[in-house]
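Peer 1: Quick note: our numbering has the sequence shown finishing at residue 120, numbered continuously throughout. Built from N, CA and C at the ideal position, the CB exists for glycine as well.
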Amino acid sequence: MQYMKEEWLAELKCRFGDDITKWAFVCPACGRITTLQEIKDVGGEPNDGYTKCIGRLNGKGVSGASLKKGRHPKDGCDWAAFGLFGTLGKGDVVVGDNGKMIDVFRMADAPNIE
Ligand SMILES: [Zn+2]
C-alpha cells in the first residue's frame, strides 16, 4: 500500500487507537509482528518500529537475509527498511510532506496481538 503521511497516521489510529505503543508493524524478512511498546522496551525509538526489525535492537536477531521462508524467529532478525532491499516488496510506502517516498514495514492487521 502507498499512503500519504496523513492517511498512514489516520489508518494506524483507526486500527490500533491513539496510543502509539499499541501500533504494530510486520517485519518483511522474518514476519515478526512487533508493537512500538516492544520497541520501546528494548530501548528503541518509535521511528525504529516501522523501519527496523526488533532483532536489530535487542541484539538477538538472526540474519534476515539468511532466513528460510516461513520462519518467524521469536527475537526477530536484523532487517532494516532502509537497507539495499528495502521492504522486499512486502512493505508500505509513505509519502511525506515533501513528496519523498519512504519504505516502511507493513502495518499489522487490526489487533489480534496483545
Ligand atoms: Zn525481522
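Could you give the DSSP three-state label for R38: helix, strand or coil?
Peer 2: Position 32 of the sequence shown holds residue 38. It is coil, neither helix nor strand.
Peer 1: Quick one: complete beta strand (DSSP E) runs, 3+ long, within the segment 35-92?
Peer 2: List check, beta strand (DSSP E) in window: 39-41.
Peer 1: Between the segment 12-20 and the segment 76-96, do three or more beta carbon pairs fall short of 8 Å?
Peer 2: The answer is no - the segment 76-96 does not touch the segment 12-20, with fewer than three Cβ pairs under 8 Å.
Peer 1: Taking DSSP as the reference, what is the three-state secondary structure of D25?
Peer 2: For the purposes of this step, residue 25 is identified with residue 19 of the sequence shown, where counting begins at 1. If DSSP states are grouped into helix, strand and coil, D25 belongs with coil.
Peer 1: Find the nearest neighbour of Y73 within the set G37, K96 and D47, judged by alpha-carbon distance.
Peer 2: On the sequence shown, position 67 is the one that residue 73 refers to. It should be noted that the sequence gives Leu, not Tyr, for residue 73. With distances taken between Cα atoms, L73 lies closest to G37.
Peer 1: Would you say the beta carbon of G89 is closer than 7 Å to some non-hydrogen atom of ligand 1?
Peer 2: Locating residue 89 in the sequence shown gives position 83, counting from the first residue. Checking the Cβ of G89 against ligand 1 gives no.
Peer 1: Nearer than 7 Å: is that true of the beta carbon of R112 relative to any heavy atom of ligand 1?
Peer 2: Locating residue 112 in the sequence shown gives position 106, where the first residue counts as 1. No, since every heavy atom of ligand 1 falls outside the 7 Å radius drawn around the Cβ of R112.
Peer 1: For K58, count neighbouring Cβ atoms within 10 angstroms of its own Cβ and tell me buried if that reaches 16, exposed if not.
Peer 2: Residue mapping note: residue 58 aligns to position 52 of the sequence shown, counting from 1. Buried.
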